[in-house]
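Report on one structure; see the data block that follows.
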Amino acid sequence: MAWPDEEQDGVRLQKVLSQAGVASRRVAERMIRDGRVEVDGRVVTELGTRVDPDTAVIRVDGARVTVDESRVYLALNKPRGVHSTMSDELGRPCIGDYVEHRVRGDAKLFHVGRLDADTEGLMLLTNDGELAHRLMHPSYKIPKTYVATVLGAVPRGLGKKLREGVQLDDGPAKADDFAVVDAVPGRSLVRVTLHEGRKRIVRRMLASVGFPVQELVRTDIGTVALGEQRVGSIRALTRKEIGELYKAVGL
Numbered sequence: 000m001a002w003p004d005e006e007q008d009g010v011r012l013q014k015v016l017s018q019a020g021v022a023s024r025r026v027a028e029r030m031i032r033d034g035r036v037e038v039d040g041r042v043v044t045e046l047g048t049r050v051d052p053d054t055a056v057i058r059v060d061g062a063r064v065t066v067d068e069s070r071v072y073l074a075l076n077k078p079r080g081v082h083s084t085m086s087d088e089l090g091r092p093c094i095g096d097y098v099e100h101r102v103r104g105d106a107k108l109f110h111v112g113r114l115d116a117d118t119e120g121l122m123l124l125t126n127d128g129e130l131a132h133r134l135m136h137p138s139y140k141i142p143k144t145y146v147a148t149v150l151g152a153v154p155r156g157l158g159k160k161l162r163e164g165v166q167l168d169d170g171p172a173k174a175d176d177f178a179v180v181d182a183v184p185g186r187s188l189v190r191v192t193l194h195e196g197r198k199r200i201v202r203r204m205l206a207s208v209g210f211p212v213q214e215l216v217r218t219d220i221g222t223v224a225l226g227e228q229r230v231g232s233i234r235a236l237t238r239k240e241i242g243e244l245y246k247a248v249g250l
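Numbered by numbering that gives the first Met the number 0, the letters in the sequence shown go through residues 0 to 250 in order.
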């Protein structure tokens with residue numbers, strides 16, 4: 000990475016923070032003086048501090064700052080009918096079609112988790128392999144939230160039943176949270192949060208309690224939310240979102 004004022008002993012910390020988009024250099028200097036910046040686990044308050052931006056682990060207010068310009072962190076709103084692979088031998092639509100010519104370049108991107116072809120919603124894409132691995136590993140318990148359309152009126156005790164756990168063919172499964180978002184005659188919109196990543200687990204859980212899913216959208220992964228992002232679009236994660244993902248998995 001080329002940094003304009005790089006010398007043998009590194010780059011000024013406030014310049015690294017400014018280049019990373021944390022704040023203007025003047026505000027970054029104030030952050031350093033106020034003891035809000037850590038380098039490799041040590042609080043730094045000296046404005047003359049120089050660091051190696053390629054190796055230093057820098058945190059502001061406990062959140063890690065991404066200074067490696069080669070890193071890519073993206074949010075894709077996967078459309079229904081698209082497969083969760085970077086390429087498909089059968090020529091079916093896949094998420095690689097959405098990033099190949101627009102944003103990927105030479106970067107090898109990992110997709111965080113999978114969505115079945117009939118499910119739309121949030122997918123994270125990154126070339127940060129360690130972050131992707133940890134986000135998918137069950138030991139870090141990263142919550143994922145889904146909104147499902149089901150037929151009929153949902154009884155009051157259904158949420159408790161899902162939170163206590165249901166038995167599936169590959170073992171028990173529990174929801175971390177459940178809520179009815181909306182209801183109209185003949186159908187209901189429900190929100191399910193869980194940290195497991197087994198295949199089609201939300202569909203199987205709801206089917207096991209008598210409410211087969213008609214439509215399913217993943218809206219959140221950890222603190223990253225789909226929001227108003229349109230179907231099929233890609234956006235870069237914000238510095239805050241990236242920092243919160245790092246924090247959630249202990250990086």
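Ideal placement from N, C-alpha and C gives every residue a C-beta, glycine not left out. Small disclaimer: the values here were computed from a predicted structure and weren't measured.
So, is the C-beta of residue i closer than 9 Å to a C-beta in chain C?
i   : result
L12 : This model lacks chain C altogether; it includes just one protein chain.
For residue i, count neighbouring Cβ atoms within 10 angstroms of its own Cβ and tell me buried if that reaches 16, exposed if not.
i    : result
A174 : buried
D127 : buried
E119 : buried
L150 : exposed
L244 : buried
G170 : exposed
G95  : buried
V180 : exposed
K239 : exposed
F210 : buried
V183 : exposed
Q166 : exposed
K14  : buried
G61  : exposed
What is the rounded straight-line gap between the Cα of residue i and the Cα of residue j?
i    : j    : result
G158 : I141 : 20 Å
D51  : R133 : 25 Å
L225 : H194 : 17 Å
L46  : G242 : 23 Å
V43  : L16  : 13 Å
V26  : R11  : 14 Å
V59  : A152 : 47 Å
R197 : T54  : 35 Å
T178 : L188 : A small fix is needed here, since residue 178 is Ala in this sequence, not Thr. A178 and L188: Cα-Cα distance of roughly 9 Å.
V201 : L161 : 10 Å
Y97  : E227 : 18 Å
M135 : G156 : 30 Å
D87  : V38  : 42 Å
P154 : R24  : 56 Å
L123 : G112 : 8 Å
V208 : I31  : 54 Å
V71  : K107 : 9 Å
Determine whether the beta carbon atoms of residue i and residue j lie at a separation below 9 Å.
i    : j    : result
A205 : L130 : Note on residue identity: the sequence assigns Leu, not Ala, to residue 205. Going by C-beta atoms, L205 is not nearer than 9 Å to L130.
V223 : L236 : yes
G90  : D117 : no
V212 : A147 : yes
D176 : V191 : yes
S69  : H110 : no
R35  : D8   : no
I259 : L121 : In the structure displayed, the chain extends from 0 to 250; residue 259 sits before or after that span and is not available.
R234 : L73  : yes
R199 : D115 : yes
Measure how close the beta-carbons of residue i and residue j come, nearest whole angstrom, since I'm counting them as under 8 Å.
i    : j    : result
P78  : G231 : 5 Å
T125 : T218 : The Cβ separation is near 19 Å, so there is no contact.
K246 : R29  : K246 to R29, Cβ: 22 Å. No contact.
T65  : A19  : 7 Å
V248 : Y139 : 5 Å
Run the proximity test for residue i: is its beta-carbon closer than 8 Å to any non-hydrogen atom belonging to the ligand PLP?
i   : result
R11 : With respect to the ligand PLP, the structure shown offers nothing to examine, as it has no ligands at all.
Original post:
Whole beta strand (DSSP E) runs in the region 24-61 with 3 or more residues, listed along the chain?
Top reply: 36-38, 57-59
Original post:
What residue ranges within the region 168-203 form continuous alpha helix (DSSP H) runs of no fewer than 4 residues, ordered along the chain?
Top reply: none
**OP:** Please specify which runs of the beta strand (DSSP E), each continuous and at least 3 residues long, are wholly inside the region 63-99, giving them in chain order.
**Re:** 72-77
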